[in-house]
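J.: The opening position of the first sequence corresponds to residue 1 in our numbering, with each subsequent residue numbered one higher.
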Amino acid sequence: MTVVYDPASVEEAAREQWEAGHCFEVGEDPAKDKFYCLTMFPYPSGKLHMGHVRVFTISDVIARYQRMQGKHVLQPMGWDAFGMPAENAAIQRGVPPARWTYDNIDYMRGQLQRLGYAYDWTREVTTCRPEYYRWEQWLFTRMFRKGLVYRRNAIVNWDPVDQTVLANEQVIDGRGWRSDALVERREIPQWFMKITAYADELLGELDRMPGWPESVKTMQRNWIGRSEGVELSFEVPGESEPLVVYTTRPDTLFGVTYMAVAAEHPLAQRAAAGDATIAAFIEACRKTDATEATFETIEKKGLPLGIEARHPLTGEPVPVWVANFVLMGYGTGAVMAVPAHDARDWEFARKHGLPIRQVIAPADGGAIDVAEAVYTERGILVNSGAFDGLAYEAAFDALAGHFEALGTGRRKVNYRLRDWGVSRQRYWGAPIPIVYCDECGAVPVPEEQLPVVLPEDVEFTGVGSPLRDMPSFYETDCPSCGRDARRETDTFDTFVESSWYFARYACPDASETMLDDRVHYWMPVDQYTGGVEHAILHLLYSRFFQRVMRDEGLVRESEPFRNLLTQGMVLKDGAKMSKAKGNTVDPQALVDRFGADTVRLFMMFAAPPEQALEWSDEGVQGSSRFLRRFWTAVHEHLAAGAPGELCPESLDERQKNLRRKTHQAIQKISDDIGRRHSFNTAVAAAMELLNAVSRFDAAADDSGPLGRAVVREALEAIVLMLSPIVPHICHALWQSLGRDTLLVDEPWPSYDASALEKDMIELVVQVNGKLRGRVSVAADAANDAVLEIALADPNVRRFVEDKAIRKTIIVPGRLVNIVV
RNA sequence: GCCCGGGUGGCGGAACCGGUAGACGCUACGGACUUAAAAUCCGUUCUCCGUAAGGAGGUGAGGGUUCAAAUCCCUCCCCGGGCACCA
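Given below as structure tokens:
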């Protein structure tokens, strides 16, 4: 009897049963232990790519595993639906962004369903719908009233030909992607959210988040960048305002030999007015894009302004330069330079012949020459007047105290983290709910007038935002005084939508409030899975929003994501799959050809989840082959006859061995999936067990009812344990094995410790750390006995004889090392 | 430039807390079955020496710690992610 494995029909049947049983729809049940399993929701770009399939499969495996652990599991899905690609599609194909987006969502939803993910589709969230974004508009107005948002000028990339703001992505080698014009920095007024108000809390809590990868926490710590330093003033004769600088190295203050200010700094602007060379330099400085990477890697240039500041300790004149490596808006727009003890200052000083003055000496008394190499270590102060001989800490305190007493400086905690600019000069986003009135200024839109709906039937040209040309959108009355007023035409950064969607899944249909009580049941997310590329921005913004919502009384928890798994990219030929490189593999074609289970299995088997996954067509074939072998093994077992009762005491040695392997596999796979998220080794262990079953059956024509019972136990264990990864085939095999329950409702198997016991174990014997033999010893043998057996091994004896044994190391259950 | 990862056979990877390097799979090669092909099954597959037993080398490069290092420390090289308007 042969039953052919036909993935298409197997998978369709399984899906129909899950759907008919509403298997993955969950309500709130306080009596049950909940598990909220979340994946970073996709941008509806058109169709699924392999990166999507990978992350959704990882998450689905965890969700299904947790369900088998008895948890009440919520796994929702939705769409991060605002963003630039919809605008680009509109320009290229003339389709309105809304229409393009909704069509993509419909298509991609179908693809996800075909892959068999255990989603509660009744909770689907789509961020471009007014029912969704009205609540972030509402929260913004609440934040406005609390002073958590404000408006100020900020720098954008300006395309002088297209007369439009460009995203960093749209700047290629300093030029606009469509116009090819040199991009300029330009300042425009924009809205900011005060994430810095939460900097300390966001930083401190990282120490109490054991469920996050260390690397992500380190990146966030560095990004927030808390530093303790001193803010102090350098008087500029003839100027009413002093130059204010911040430094974490006040101990090097006597080594200051010049100052540098940003091109936009008032001092530079004033100098430019009377000097064409300086004016030209400043103009050139503006012709660069606004990214930090550009800014840090450009050639460091500067010009003296002909202005001198006064050193706050020595009173000596210090020349002031304008430099392209100082940015207005990061700190004060001015820095003090200590070439002897700062790498960038050193290089700049060498290039421009500025003095390099040593003021720090190595604590160990070693000699250094700052003319040859910069010395950035902390040490002992020299050439520093009354402060000579002090070490870093003492010098810091003494100098900070000195300026605090004079009132010209103070200790200051600084953060690298900057407030979050949320204004985008784009159409396809959530409108910022503000009205500008000549009398009242910027007025938040009152709650009863929300949402401010984005018009979806627009003519989209790509030059500027259509909202700016739509009087019907922007013409309005001031909510405060009733006079004619103008609506804000900028929209929110799309990170705003993704900073709170995780909470909305708890109550996607709440129509009167942003969140309701159901959120207290589901939050926080127990397992969050997504790409490392979101390690900083998305995850930090979400942590910030969670706190804003907490302080608004909407949620109780401070941290939104208890455990975080960051998965690697899908590569082909060593490069990220992308349309531009032409190395994409369409998941749909593979699902059509091999079935969803094969694709899911390959994804989980080919690499550990955190690592990049190298695509391999042959590997997919291998996964498909394994599923066929698995299917065949179960059906051959069924054809061989009914199993007897499994009676562990009556097993012979072969049967005992197979049973041991079954329970070893249960032990290993439970740990691999449950604790380690090491899905690739879990699959490998399942394959090994199936191989052991095949060898067991091949070794005897008829293994008898008892043998079949041991095989049955092994096969059922594989079906159960692979079901999170390849749910459709396991669903079908479970039924074939005569079970009338739904596999998704089965508990995870547990291992029988007594089946694992072994009388004899194998030990490795090393001589001087080199492998020289293997010996078999009783599992409970004493060290003396073990050593005696080890020394009796002929090959070991060859290396030990004639030499004195200096030391022996016995690692129980593992090895013996004899040092001679 | 700065921050965070990674580098192990022909390939993807395994080795979990410093204790047998190469599990599992792919490819390739050899064999069985077949008129033939596909599929399937069996075997071999880190390199070098050796008929074998066994030996030597080997985890990006160089140094160090240790009885023992892919694993810990230092220096360096290469690849990837992020750097605040891609999502």
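Ideal Cβ positions, reconstructed from N, Cα and C, are used throughout, including at glycine.
#1: Just list the beta strand (DSSP E) runs in the segment 142-179, keeping only unbroken ones of 3 residues or longer that don't cross its boundaries, in chain order.
#2: Go through the segment 518-562 residue by residue and report every complete run of the beta strand (DSSP E) that reaches 3 residues or more, in order.
#3: Name the DSSP bridge partner or partners of PRO444?
#4: Straight-line CA distance for THR513 to ARG249?
#5: Whole angstroms are fine: how far does the CA of LEU565 sit from the CA of ALA642?
#6: Going by the CB atoms, is the gap between ALA334 and VAL413 shorter than 9 angstroms?
#7: Quick one: measure Cβ to Cβ for ALA391 and ALA363, integer angstroms, because I've assumed they're closer than 8 angstroms.
#8: Pull up the CB-CB distance for THR314 and HIS341, whole angstroms please, since I reckon it's below 8 angstroms.
#9: According to DSSP, which residues form a beta bridge with ILE380?
#10: Where do the ends of the beta strand (DSSP E) carrying ILE761 lie?
#11: Which residues in the same chain as GLN163 place their Cβ atom closer than 8 angstroms to its Cβ, once the five residues preceding and following it in sequence are excluded?
#12: Looking at the structure shown, is HIS677 part of a helix, part of a strand, or coil, going by DSSP?
#13: Under 8 angstroms by Cβ, that's how I've got VAL555 and GLN546 pegged, so tell me the actual separation to the nearest angstrom.
#14: Identify which residue in ASN657, GLY704, ALA684 has its Cα closest to the Cα of MET760.
#15: For ASP207 and ARG416, I'd like the C-alpha separation in whole angstroms.
#16: Considering only residues of the segment 273-330, which uninterrupted beta strand (DSSP E) runs meet the minimum length of 3 residues and lie entirely inside it, listed in chain order?
#17: Please state whether DSSP places GLY641 in a helix, a strand or coil.
#18: By the three-class DSSP mapping on this structure, what secondary structure does HIS49 have?
#19: Using the Cα positions of ASP103 and PRO96, report the straight-line distance between them to the nearest angstrom.
#20: Cα-Cα, which of LEU771, ALA779, ARG54, VAL765 is closest to ILE810?
#21: By a C-beta neighbour count over all protein chains shown, 10 Å radius and 16 as the cutoff for buried, is LYS661 buried or exposed?
#22: Using CA coordinates, which residue listed in ASN783, ALA781, LEU722, GLN667 is at the minimum distance from LEU753?
#23: Suppose you measure from the CA of ALA323 to the CA of THR247; what does that come to, to the nearest Å?
#24: For a quick check, are the C-beta atoms of PHE82 and TYR133 less than 9 angstroms apart?
#25: So, helix, strand or coil for MET84, using DSSP?
#26: Closer than 6 angstroms by C-beta to MET1: which residues in its own chain qualify, once you throw out the five before and the five after it? Chain order, please.
#27: Count the other C-beta atoms from every protein chain shown that fall within 10 angstroms of the C-beta of VAL125, then say buried if there are 16 or more, exposed otherwise.
#28: Taking the continuous alpha helix (DSSP H) assigned at SER723, which residues delimit it?
#29: Taking GLY622 as the reference, which of ALA118, MET603, GLN17, GLN611 has the closest Cα?
#30: For TYR751, which residues in the same chain have their Cβ closer than 7 angstroms to its Cβ, ignoring the five residues on either side in sequence?
#31: Taking the continuous beta strand (DSSP E) assigned at ALA485, which residues delimit it?
#32: Would you call the CB atoms of GLU11 and ASP592 closer than 9 angstroms?
#33: So THR476 and ALA485 are supposed to be a Cβ contact under 8 angstroms. How far apart are they, rounded?
#34: Assign ASN153 to buried or exposed, taking buried as 16 or more other Cβ atoms, counted over all protein chains shown, within 10 Å of its Cβ.
#35: Which residues mark the beginning and the end of the beta strand (DSSP E) in which CYS730 is found?
#36: So is TYR427 buried or exposed if we call it buried at 16+ other beta carbons inside 10 Å?
T.: In this structure, then:
#1: 149-159, 164-166
#2: 525-531
#3: Residue mapping note: residue 444 aligns to position 444 of the first sequence, counting from 1. In the DSSP output, where bridge partners are listed per residue, PRO444 has ILE434.
#4: Indexing the first sequence from 1 puts residue 513 at position 513. Indexing the first sequence from 1 puts residue 249 at position 249. Going by the C-alpha atoms only, they are around 50 angstroms apart.
#5: Working through the first sequence from its first residue, we reach residue 642 at position 642. Working through the first sequence from its first residue, we reach residue 565 at position 565. Their Cα atoms are separated by approximately 44 angstroms.
#6: For the purposes of this step, residue 413 is taken as residue 413 along the first sequence, with counting starting at 1. For the purposes of this step, residue 334 is taken as residue 334 along the first sequence, with counting starting at 1. No.
#7: For this step, residue 391 is matched to residue 391 along the first sequence. For this step, residue 363 is matched to residue 363 along the first sequence. With a Cβ gap of about 7 angstroms, ALA391 and ALA363 count as contacting.
#8: Along the first sequence, one-based indexing puts residue 314 at 314. Along the first sequence, one-based indexing puts residue 341 at 341. With 8 angstroms as the limit, THR314 and HIS341 do not qualify as a contact, their Cβ atoms being about 17 angstroms apart.
#9: Along the first sequence, read from residue 1 onward, the residue named residue 380 stands at position 380. Paired residues: ALA361, ALA391.
#10: Locating residue 761 in the first sequence gives position 761, counting from the first residue. Where ILE761 is concerned, the enclosing beta strand (DSSP E) stretches over 760-767.
#11: Here residue 163 refers to the residue found at position 163 when the first sequence is read from its first residue. So the qualifying residues of the chain are VAL463, GLY464.
#12: Along the first sequence, one-based indexing puts residue 677 at 677. HIS677: coil per DSSP, three-state reduction.
#13: Numbered from its first residue, the first sequence carries residue 555 at position 555. Numbered from its first residue, the first sequence carries residue 546 at position 546. Their Cβ separation, rounded to whole angstroms, is 6 angstroms, which keeps VAL555 and GLN546 in contact under 8 angstroms.
#14: In the first sequence, residue 760 corresponds to position 760, counting from 1. Nearest option by C-alpha distance: ASN657.
#15: Start at 1 with the first residue of the first sequence, and residue 207 comes out as number 207. Start at 1 with the first residue of the first sequence, and residue 416 comes out as number 416. If you take the alpha carbons of ASP207 and ARG416, they lie about 19 angstroms apart.
#16: 302-310, 317-323
#17: Translated into positions along the first sequence, residue 641 becomes position 641. Coil, per DSSP.
#18: As a working mapping, residue 49 is identified with position 49 in the first sequence. Note: HIS49 maps to coil in three-state DSSP.
#19: By 1-based counting over the first sequence, the position of residue 103 is 103. By 1-based counting over the first sequence, the position of residue 96 is 96. Approximately 11 angstroms between the Cα atoms of the pair.
#20: Reading the first sequence from its first residue, position 810 is the one you call residue 810. When only C-alpha atoms are compared, the closest one is VAL765.
#21: For the purposes of this step, residue 661 is identified with residue 661 of the first sequence, where counting begins at 1. When all chains shown are included, LYS661 counts as buried.
#22: Position 753 of the first sequence, counting from 1, holds the residue named residue 753. The sequence as given places Ala at residue 753; Leu does not occur at that position. That would be GLN667, whose Cα lies nearest to the Cα of ALA753.
#23: The residue you call residue 323 lines up with position 323 of the first sequence. The residue you call residue 247 lines up with position 247 of the first sequence. If I take the Cα positions, the gap works out to 18 angstroms.
#24: Stepping through the first sequence from its first residue, residue 82 is reached at position 82. Stepping through the first sequence from its first residue, residue 133 is reached at position 133. Against a cut-off of 9 angstroms, the Cβ pair of TYR133 and PHE82 comes out as a contact.
#25: As a first step, residue 84 must be located in the first sequence, where it is residue number 84. Looking at MET84 - three-state DSSP - the assignment turns out to be helix.
#26: Position 1 of the first sequence, counting from 1, holds the residue named residue 1. Low confidence applies to MET1: its pLDDT is 44, below 50, so where it sits in the model is not reliable, and the reading given next is rough at best. If we look at MET1 and ignore the five residues flanking it on each side, its Cβ neighbours are ALA639.
#27: To locate residue 125, count along the first sequence from 1; it is residue 125. By the neighbour-count rule (16 or more Cβ atoms within 10 Å), VAL125 is buried.
#28: Within the first sequence, the letter at position 723 stands for residue 723. First-last for SER723: undefined, no H or E at that position.
#29: On the first sequence, position 622 is the one that residue 622 refers to. Taking only the C-alpha atoms, the option nearest GLY622 is MET603.
#30: Working through the first sequence from its first residue, we reach residue 751 at position 751. Correct list, in chain order: HIS663, ILE666, GLN667.
#31: Mapped onto the first sequence, residue 485 falls at position 485. ALA485 -> beta strand (DSSP E) spans 484-487.
#32: As a working mapping, residue 11 is identified with position 11 in the first sequence. As a working mapping, residue 592 is identified with position 592 in the first sequence. No; because the gap between Cβ atoms is not below 9 angstroms, this pair is not in contact.
#33: By 1-based counting over the first sequence, the position of residue 476 is 476. By 1-based counting over the first sequence, the position of residue 485 is 485. Yes, they are in contact, since the Cβ atoms of THR476 and ALA485 sit about 6 angstroms apart, within 8 angstroms.
#34: Here the question's residue 153 lines up with position 153 in the first sequence. By the neighbour-count rule (16 or more Cβ atoms within 10 Å), ASN153 is not buried but exposed.
#35: Numbered from its first residue, the first sequence carries residue 730 at position 730. Premise fails: CYS730 lies in the alpha helix (DSSP H), 727-736, not in any beta strand (DSSP E).
#36: As a working note, residue 427 is residue 427 in the first sequence. With 16 or more other Cβ atoms within 10 Å, it is buried.
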